Amino acid sequence: MIRFLLKGLIRDSSRSRLPIIVVATGVALTVLMHAYITGLMGDTIDVNARFFTGHLKVMTRAYAENADQVPNDLALTDAGLLLDTLKNEFSGIQWSPRIHFGGLLDVPDENGETRSQGPVIGMGVDLLDKGSAEVKRLNLDRSLVRGSLPLSPGQALITEAFSRKLDVNPGDTVTLISSGMNGSMVFYNFVISGTVSIGYEALDRGAMFADIGDVRMALNMENAAGEITGFFNDGYYDDDRAVADAAKFNKLHESEKGEFVPTMVSLGQQANMSLYVSMSKYWSTYVASIFVFAMSLVLWNAGLLGGLRRYGEIGIRLAMGEEKGHVYRSMIYESVMIGIAGSVAGTAVGLFFAYLIQRHGINISGMMQGSSAMLPSVIRARISGVDLYLGFIPGLLSTVIGTMLSGIGIYKRQTASLFKELEA
Amino acid sequence: MKILLLSLLLVTGLTGFPQEDGNSVLKKVESNMSSDNRVFDATMIVHGLRNTRTMTLKTYSVGTKESFTEYLSPPRDHGTKMLKLENQLWIYSPTTDRIIQISGSLLRQSVMGSDLSYEDMMDDRKLTDVYNAVVEENETIDGRNTVILKLTATVTDIAYFTQRLWVDTERYIPLKEEFYAKSGQLLKRTTLSDVKKIEGRWFPTKVVYKDMLKQGDGTEFIFNKVSFNQKIPEYIFTKAALKQ
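So the sequence lines, in the order shown, correspond to chains A and B.
When we follow my numbering, the leftmost residue of the first sequence carries the number 755, and every step to the right adds one.
When we follow my numbering, the leftmost residue of the second sequence carries the number 51, and every step to the right adds one.
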């Protein structure tokens, strides 16, 4: 029977062409949209994790409450001891102390007077320890534009755009003016070892990266750290695992009183990241549901149109004694075939365009000028295994549902009036 | 500068409490600052959230327009110098061997982690030029009769829209000051005590500053040695002196 129906669909292309085009279009859009959003969400979560949130983060309770203000006066003290504890108690996670800071970068002229100055956001991370994963994690080696990574204490990287703005080059000395751990204004000289282009407008506008040892010296934060960030060994964020680890750590410290007691938060529990994490979790369902609903309406209409066009055929089949249920089922079988054909075609088309966006990206740097959001300047789609079958869900469901809705009319046909209708 | 200004009042021993209006009381308070110059050694104790830090410093000043401060201890801050000339402020940091001009948003930063901001140091206009004073009521502080002056700004470019001064009605020095934003929020409070007669002037030798928006127990500023109308070499008030 399936072969019979398939032949009918192929030979009578007017019966299958429009539904297949509609299904393929919807499926292509579903696949493309999913890959695009996956890429955008994935990049956003990934970059925020690498630069700011980690997969997990340990801070003092007071620091966590005002984390967006980077209150280093509320930083963790005895960070080395806490780091060792974390390494022992949470295996499978790479822990790294970090200090975020803000301030001004001041460039002197030959007389030591200010030649240029600009606001800077900075990160003190472990750059000089050969076993440190921070250089790779922040992609600093691949982002290098001029000069080299810091090789000795007292050196720092700044972003290329910032170096152009301040008119400084590798080898030049700059002075960081910032606020120390005790709240006083601090000054510290750095030699620019190189410049980097991170690819994120919010950072490229004015950022510096220095070894955490230097930043501790600069900000009077001996053995302190604003935060200790943790990254799962496999490099991928697992929200359920992160939430469980954070709960486990916090339970150990829940009886301790005071605002300087350490607390652990997952990426999804920080700032605005919960929205991204939720969206990345449920996005596939959202996209598929929207397209199933929209395309079901379209295909219902297409089915009704087909039903009208095939009014005579169905009438003859019923007049010849074919059961209504059989006719209804055969039309559903047809819709399954159309759904499969449309889904295959749509998935192929969707993957093709998603591949183009994944490879070449969409440059939105023009829209990001002045933005403080940590979004990539070039948005790239990301094709995942889900994209290979996701389109089949709306593709099949919508055609079947559309046919089921429009096919209800079959049961409303009266056998007694069939010949009259056919004569007409 | 208002806070420092008022904390450094020089008192001429005026006696009696006339039924004066607020502006004339304020004028008398200001007249107590009229020494040509002053030199003092002081100890600044910052009671932070986590620890207490003690610094010693020496300051030379001429009127309210020029001042030069050198931090003598602790070792971390030793050699840090600040120079104020009119409305400009420079800091010399020995660790960087740089002279940095403090301007713009940097002026809102804390002075050496204390409850004072650089902005507080910079406004050197006379109180009578920028505020209208009204007598509110009388109050006794530590056994001293005071009159409370409410100062309301008459200019817009000012850090504190209103101030309250508890002025000793005998010595014409403030014993307490409160600084408010235009919204009415209390921003800073200063209490002045240990008033001593130095070279014929009443002088509060201990000032406690409290930034009400900042955690911690405030900053004590203790004048260990104060001299008035000294001969201060002119080179002190030059940028060249910062690196010496």
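Where is the CB? At the ideal position from N, CA and C, for every residue including glycine.
The structure displayed is predicted, hence computed values, not measured ones.
Cα-Cα separation, residue i to residue j
| i | j | result |
| --- | --- | --- |
| Gly1093(A) | Lys1035(A) | 26 Å |
| Val96(B) | Phe844(A) | 39 Å |
| Asp800(A) | Ile847(A) | 16 Å |
| Lys1005(A) | Pro825(A) | 24 Å |
| Leu215(B) | Val276(B) | 23 Å |
| Leu225(B) | Leu828(A) | 33 Å |
| Leu59(B) | Thr178(B) | Confidence in Leu59(B) is poor, its pLDDT being 41 and thus under 50, which makes the residue's placement unreliable; the coordinate value appears in the next sentence. One C-alpha to the other measures close to 15 Å. |
| Leu911(A) | Met962(A) | 5 Å |
| Leu56(B) | Leu882(A) | With a pLDDT of 45 at Leu56(B), under the threshold of 50, the modelled position of that residue is not reliable, and no figure is offered here. |
| Met1158(A) | Tyr1087(A) | 11 Å |
| Leu64(B) | Ala978(A) | Reliability of the predicted coordinates at Leu64(B) is poor, the pLDDT of 37 falling under 50, and the value obtained from them is presented with this limitation in mind. Computed Cα separation, rounded: 53 Å. |
| Lys232(B) | Phe211(B) | 5 Å |
| Thr240(B) | Asp86(B) | 25 Å |
| Thr288(B) | Asp863(A) | 19 Å |
| Trp140(B) | Ile208(B) | 21 Å |
| Phe1045(A) | Lys1078(A) | 30 Å |
| Lys246(B) | Ser123(B) | 25 Å |
| Met1018(A) | Thr831(A) | 15 Å |
| Val61(B) | Arg148(B) | In this prediction, Val61(B) has a pLDDT of 35, which is less than 50 and means its spatial position is unreliable; what the coordinates show is noted afterwards. When rounded, the distance between both Cα atoms is 38 Å. |
| Glu1067(A) | Arg757(A) | 19 Å |
| Val112(B) | Ala291(B) | 16 Å |
For residue i: DSSP bridge partner residues
| i | result |
| --- | --- |
| Ile1147(A) | Paired residue(s): none; Ile1147(A) is not in a bridge. |
| Arg239(B) | Glu228(B), Lys260(B) |
| Arg148(B) | Ser143(B) |
| Asn1117(A) | Val1132(A) |
| Thr288(B) | Answer by DSSP bridge pairing: none, since Thr288(B) is not bridged. |
| Val940(A) | Ser932(A) |
| Asp860(A) | Gln871(A), Thr929(A) |
| Asn87(B) | Val112(B) |
| Asp800(A) | Looking at the DSSP assignment, Asp800(A) forms no beta bridge with any residue, so it has no partner. |
| Ser117(B) | Ser111(B), Lys134(B) |
| Phe855(A) | Gly876(A) |
| Glu270(B) | Ile95(B), Val258(B) |
| Ala964(A) | Gly878(A), Ala910(A) |
| Asp22(B) | No answer is possible for residue 22(B): the residues shown for chain B start at 51 and end at 294. |
Delimiting residues of the beta strand (DSSP E) encompassing residue i
| i | result |
| --- | --- |
| Asn974(A) | Looking at the DSSP string, Asn974(A) is not in any beta strand (DSSP E), and its letter there is neither H nor E. |
| Ile191(B) | 181 to 191 |
| Leu201(B) | 194 to 203 |
| Phe916(A) | Run containing Phe916(A): none in the beta strand (DSSP E); it sits in the alpha helix (DSSP H), 914 to 920. |
| Ile982(A) | 981 to 986 |
Beta carbon of residue i nearer than 8 Å to that of residue j
| i | j | result |
| --- | --- | --- |
| Leu166(B) | Tyr259(B) | yes |
| Pro144(B) | Gly129(B) | yes |
| Thr792(A) | Ser1097(A) | no |
| Phe278(B) | Thr255(B) | no |
| Tyr181(B) | Thr204(B) | yes |
| Lys811(A) | Gln1024(A) | yes |
| Leu199(B) | Gly72(B) | yes |
| Ser932(A) | Ala972(A) | yes |
| Lys108(B) | Asp127(B) | no |
| Val928(A) | Asn974(A) | no |
| Val879(A) | Ser850(A) | yes |
| Ile1111(A) | Tyr790(A) | yes |
| Ser855(A) | Val777(A) | Note that residue 855(A) corresponds to Phe in the displayed sequence, not to Ser. No. |
| Val781(A) | Thr1153(A) | no |
| Ser886(A) | Glu914(A) | no |
Neighbouring residues, chain B, relative to residue i (Cβ below 9 Å)
| i | result |
| --- | --- |
| Gly722(A) | What the structure shows of chain A is the stretch from 755 to 1178, and residue 722(A) is not part of that stretch, so it cannot be assessed. |
| Leu830(A) | Correct list: empty, because the minimum Cβ distance to chain B is about 12 Å. |
| Gly840(A) | Checking the sequence shown, residue 840(A) turns out to be Leu, not Gly. Here the premise fails: no neighbours, minimum Cβ distance about 22 Å. |
Partners in chain A for residue i, counting only beta-carbon separations shorter than 8 Å
| i | result |
| --- | --- |
| Gly98(B) | Asp827, Asn936, Gly937 |
| Thr349(B) | A question about residue 349(B) goes unanswered here, because the residues of chain B that appear run from 51 up to 294. |
Residue interval of the alpha helix (DSSP H) (run including residue i)
| i | result |
| --- | --- |
| Gln1112(A) | 1078 to 1114 |
| His1007(A) | 993 to 1007 |
| Thr839(A) | 833 to 843 |
| Val79(B) | 72 to 81 |
| Gly901(A) | Looking at the DSSP string, Gly901(A) is not in any alpha helix (DSSP H); the run it does join, the beta strand (DSSP E), is 898 to 901. |
| Lys890(A) | 888 to 891 |
Under 8 Å from the C-beta of residue i: neighbouring residues of chain B
| i | result |
| --- | --- |
| Tyr817(A) | Neighbours of Tyr817(A) on chain B: none; closest Cβ ~12 Å, over 8 Å. |
| Asn977(A) | In chain order: nothing, as chain B lies at least about 13 Å away. |
| Leu858(A) | Leu156 |
Proximity test, residue i beta-carbon vs the ligand ADP heavy atom, cut-off 7 Å
| i | result |
| --- | --- |
| Val969(A) | Only the bare structure without any ligand can be found here, which leaves the ligand ADP out of the picture. |
Contacts of residue i in chain A (Cβ-Cβ under 7 Å)
| i | result |
| --- | --- |
| Arg158(B) | Near Arg158(B) there are no residues of chain A at all, since even the closest Cβ is about 10 Å away, more than 7 Å. |
Contact list for residue i against chain B, beta-carbon separation under 7 Å
| i | result |
| --- | --- |
| Pro862(A) | Arg148 |
Proximal chain A residues relative to residue i, where beta-carbon distance stays under 9 Å
| i | result |
| --- | --- |
| Gln151(B) | Glu867, Thr868 |
| Arg239(B) | The premise fails here: Arg239(B) is roughly 18 Å from chain A at the closest Cβ pair, so nothing lies under 9 Å. |
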